[in-house]
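Asks:
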Amino acid sequence: MHKAGFVNIIGAPNVGKSTLMNVLVGERLSIITSKAQTTRHRILGIVNDDDYQIIFSDTPGIIDPAYKMHEGMMGFVNSAISDADVILAMVEVHEKSFKDENILERLQKTDTPVVLLINKIDEIEQDLLEEKVNYWAAQVPNAKVFPISALHNFNVDQVIMEIKAALPESPPFYDKDTLTDKPEKFFVSEIIREKILLNYKKEIPYSCEVEIEEFKEEENIIRIRAVIMVIRDSQKGIIIGHQGKPLKKVGTQARLDMEKFFDKKVFLELYVKVNKDWRNNETQLKRFGYLNK
Ligand code: GDP
Ligand code: MG
């Protein structure tokens, strides 16, 4: 039997969501995660084993001050809660309540399994712990409560076990071997797409897709080869532009963003290919990730 599903991590800023993702998924992803907030994308962290696949999603913005507009707020909370197979709600040991009443209420009412983590238990005396666990168990009676220290990797295995138990039976959603580099590639192509949107008229960007042919991280530099796919020859000409300057501009802007993003030097090779039916061909759509979503 194989289990798989989506686990959304919600919680106030600084409770330790990224640190937990880091422990769960691995060092490299957390770098991405910490910057994900600036790009408004959700980042998935995927934990694989033979018989399960847990797809974690750190949901930046849910309780971040920038999003604290009243209407927008509930939308975020609702989708983070209704999208999930398991909700991982995170508080820290010093917190006495959720910073947002709506979230508490939603957690209490949801039919989705809730795992509530009290993080940073390394910061309090051991004998205060039971009281904390009881307190949160009473706050969210439908939740399983775990005290953890994400930073010291304490009790995190228990959390994985609990999530695994709560996951639905399902085949994996993503290939089990290509996961660690996927977020990086994803961000790289998103950055290029953004620059295409900025630099060309409307109809052009919608005919474009970006494929990352190579992503090679070396000690001091990341080497990236990306192809911009267009549908028609004429579009290829437009993308490249007069003396190749427009394409060069896209490349430079994208590279600068990537260097900020990865905090590392980037060598970006960018070229254009005509691919008449990327939008119709199922294999190609899968390759670009559309059919997985
Ligand atoms: P996020 O905003 O929820 O993603 O929180 P971060 O993962 O960025 O962590 C915020 C701060 O809390 C960082 O300084 C972490 O090092 C720290 N932190 C995270 N987990 C723990 C923990 O278990 N114990 C302690 N003492 N600090 C932690
Ligand atoms: Mg974070």
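The numbering used here puts the sequence shown at residues 0 to 292. Every residue, glycine too, gets a C-beta built ideally from N, C-alpha and C.
Given a cut-off of 8 Å, decide if V114 and V155 are closer than it, judged by their beta-carbon atoms.
Replies: Here residue 155 refers to the residue found at position 156 of the sequence shown. Here residue 114 refers to the residue found at position 115 of the sequence shown. No, these two residues do not count as a Cβ contact at 8 Å.
Asks: From the DSSP secondary-structure annotation, give me the bridge partner or partners of V144.
Replies: Residue mapping note: residue 144 aligns to position 145 of the sequence shown, counting from 1. According to DSSP, which records beta bridges pairwise, V144 is partnered with L115.
Asks: Using 7 Å as the cut-off, classify the Cβ of L150 as near or not near the heavy atoms of the ligand GDP, replying yes or no.
Replies: Position 151 of the sequence shown, counted from the start, is the residue given in the question as residue 150. Because some heavy atom of the ligand GDP lies under 7 Å away, the Cβ of L150 counts as near it: yes.
Asks: With a 10 Å radius around its C-beta and 16 neighbouring C-beta atoms as the bar for buried, classify G236 as buried or exposed.
Replies: Residue numbering aside, residue 236 sits at position 237 when the sequence shown is read from its first letter. Burial call: exposed.
Asks: Within 10 angstroms of its Cβ, does R254 collect 16 or more other Cβ (buried), or is it exposed?
Replies: Residue numbering aside, residue 254 sits at position 255 when the sequence shown is read from its first letter. Around the C-beta of R254, 16 or more other C-beta atoms lie within 10 Å, and the residue is accordingly described as buried.
Asks: For S56, is the beta carbon positioned less than 7 Å from some heavy atom of the ligand GDP?
Replies: Position 57 of the sequence shown, counted from the start, is the residue given in the question as residue 56. Because no heavy atom of the ligand GDP lies under 7 Å away, the Cβ of S56 does not count as near it: no.
Asks: According to the Cβ coordinates, are I86 and N7 closer than 8 Å?
Replies: For the purposes of this step, residue 86 is taken as the residue at position 87 of the sequence shown. For the purposes of this step, residue 7 is taken as the residue at position 8 of the sequence shown. Closer than 8 Å, so yes.
Asks: Provide the residue span of the alpha helix (DSSP H) that contains I105, from first to last.
Replies: In the sequence shown, counting from the first residue as 1, residue 105 sits at position 106. Going by the sequence as given, residue 105 is Arg instead of Ile. Here the alpha helix (DSSP H) through R105 covers 100-108.
Asks: Relative to the ligand GDP, is the shortest distance from any of its heavy atoms to the C-beta of V14 smaller than 7 Å?
Replies: In the sequence shown, the residue the question calls residue 14 occupies position 15. Correct: V14 has its Cβ closer than 7 Å to the ligand GDP.
Asks: Are M0 and D50 closer than 8 Å when you measure CB to CB?
Replies: By one-based count along the sequence shown, residue 0 stands at place 1. By one-based count along the sequence shown, residue 50 stands at place 51. A contact, by the Cβ cut-off of 8 Å.
Asks: Look up N274 in the DSSP assignment and give the residues it is bridged to.
Replies: Here residue 274 is taken as the residue at index 275 of the sequence shown, counted from 1. None; N274 has no bridge partner.
Asks: Suppose you measure from the CA of K247 to the CA of I239; what does that come to, to the nearest Å?
Replies: Sequence index remark: in the sequence shown, residue 247 carries index 248 (1-based). Sequence index remark: in the sequence shown, residue 239 carries index 240 (1-based). Looking at the two C-alpha atoms, the distance is approximately 8 Å.
Asks: Can you tell me whether E70 is buried or exposed? The criterion is at least 16 other CB atoms within 10 Å of its CB, across all chains shown.
Replies: By 1-based counting over the sequence shown, the position of residue 70 is 71. Any reading at E70 needs caution, since the residue's pLDDT is 47, under 50, leaving its predicted position unreliable; the model's value is listed next. So E70 ends up on the exposed side.
Asks: Give me the Cα-Cα distance between F261 and I211, rounded to the nearest whole angstrom.
Replies: If you number the sequence shown from 1, residue 261 lands on position 262. If you number the sequence shown from 1, residue 211 lands on position 212. Straight-line Cα distance between these residues: approximately 16 Å.
Asks: For a test of your reading of the model: does the CB of G10 fall under 7 Å from any non-hydrogen atom of the ligand GDP? Yes or no.
Replies: For the purposes of this step, residue 10 is taken as the residue at position 11 of the sequence shown. Yes, Cβ of G10 sits closer than 7 Å to a heavy atom of the ligand GDP.
Asks: Among the residues of its own chain, which have a CB less than 6 Å from the CB of D63, if the five just before and after it don't count?
Replies: Start at 1 with the first residue of the sequence shown, and residue 63 comes out as number 64. Reliability of the predicted coordinates at D63 is poor, the pLDDT of 45 falling under 50, and no value is obtained from them.
Asks: Would you say the beta carbon of K119 comes nearer than 7 Å to a heavy atom of the ligand GDP?
Replies: Locating residue 119 in the sequence shown gives position 120, counting from the first residue. With a cut-off of 7 Å, the C-beta of K119 is classified as near the ligand GDP, since at least one heavy atom of the ligand falls inside that distance.
Asks: Below 7 Å, is the gap between the Cβ of T18 and the nearest heavy atom of the ligand GDP?
Replies: Mapped onto the sequence shown, residue 18 falls at position 19. It does: the Cβ of T18 is within 7 Å (strictly closer) of some heavy atom of the ligand GDP.
Asks: Do Q107 and V132 come within 8 Å of each other at the CB atom, strictly closer than that value?
Replies: Counted from its first residue, the sequence shown places residue 132 at position 133. Counted from its first residue, the sequence shown places residue 107 at position 108. Taking 8 Å as the Cβ cut-off, V132 and Q107 do not qualify as a contacting pair.
Asks: Could you have a look at R222 and say whether DSSP puts it in helix, strand or coil?
Replies: Looking up residue 222 in the sequence shown gives position 223. Looking at R222 - three-state DSSP - the assignment turns out to be strand.
Asks: In three-state terms, what does DSSP make of M0?
Replies: Taking the sequence shown and counting its residues from 1, one reaches residue 0 at position 1. M0: coil per DSSP, three-state reduction.
Asks: Assuming F172 and Q252 form a contact by the criterion Cβ under 8 Å, report the distance between their Cβ atoms to the nearest whole angstrom.
Replies: As a first step, residue 172 must be located in the sequence shown, where it is residue number 173. As a first step, residue 252 must be located in the sequence shown, where it is residue number 253. 33 Å between Cβ atoms; not a contact.
Asks: Going by C-alpha distance, which of I230, V226, S78 is nearest G250?
Replies: For the purposes of this step, residue 250 is taken as residue 251 along the sequence shown, with counting starting at 1. Minimum Cα distance to G250 is reached at V226.
Asks: Whole-angstrom Cβ separation of S148 and D121, contact assumed at under 8 Å?
Replies: For the purposes of this step, residue 148 is taken as residue 149 along the sequence shown, with counting starting at 1. For the purposes of this step, residue 121 is taken as residue 122 along the sequence shown, with counting starting at 1. Between D121 and S148 the Cβ distance is about 4 Å, and since that is below 8 Å, they are a contact.
Asks: Roughly how many whole angstroms lie between the Cα atoms of E161 and I190?
Replies: Translated into the one-based positions of the sequence shown, residue 161 becomes position 162. Translated into the one-based positions of the sequence shown, residue 190 becomes position 191. Cα-Cα distance, rounded: 36 Å.
Asks: L150 and T18: beta carbons closer than 8 Å?
Replies: The residue given as residue 150 occupies position 151 in the sequence shown. The residue given as residue 18 occupies position 19 in the sequence shown. The answer is yes: Cβ separation under 8 Å.
Asks: Near K34, which residues of its chain fall below 7 Å by C-beta distance, leaving aside the five closest residues on each side in sequence?
Replies: In the sequence shown, the residue the question calls residue 34 occupies position 35. Here the model assigns K34 a pLDDT of 43, short of 50, so the residue's position is not dependable, and the following value carries that caveat. Result list for K34: F260, in chain order.
Asks: Can you check DSSP and say which residues form a bridge with M89?
Replies: By one-based count along the sequence shown, residue 89 stands at place 90. M89 is bridged to G10, L116.
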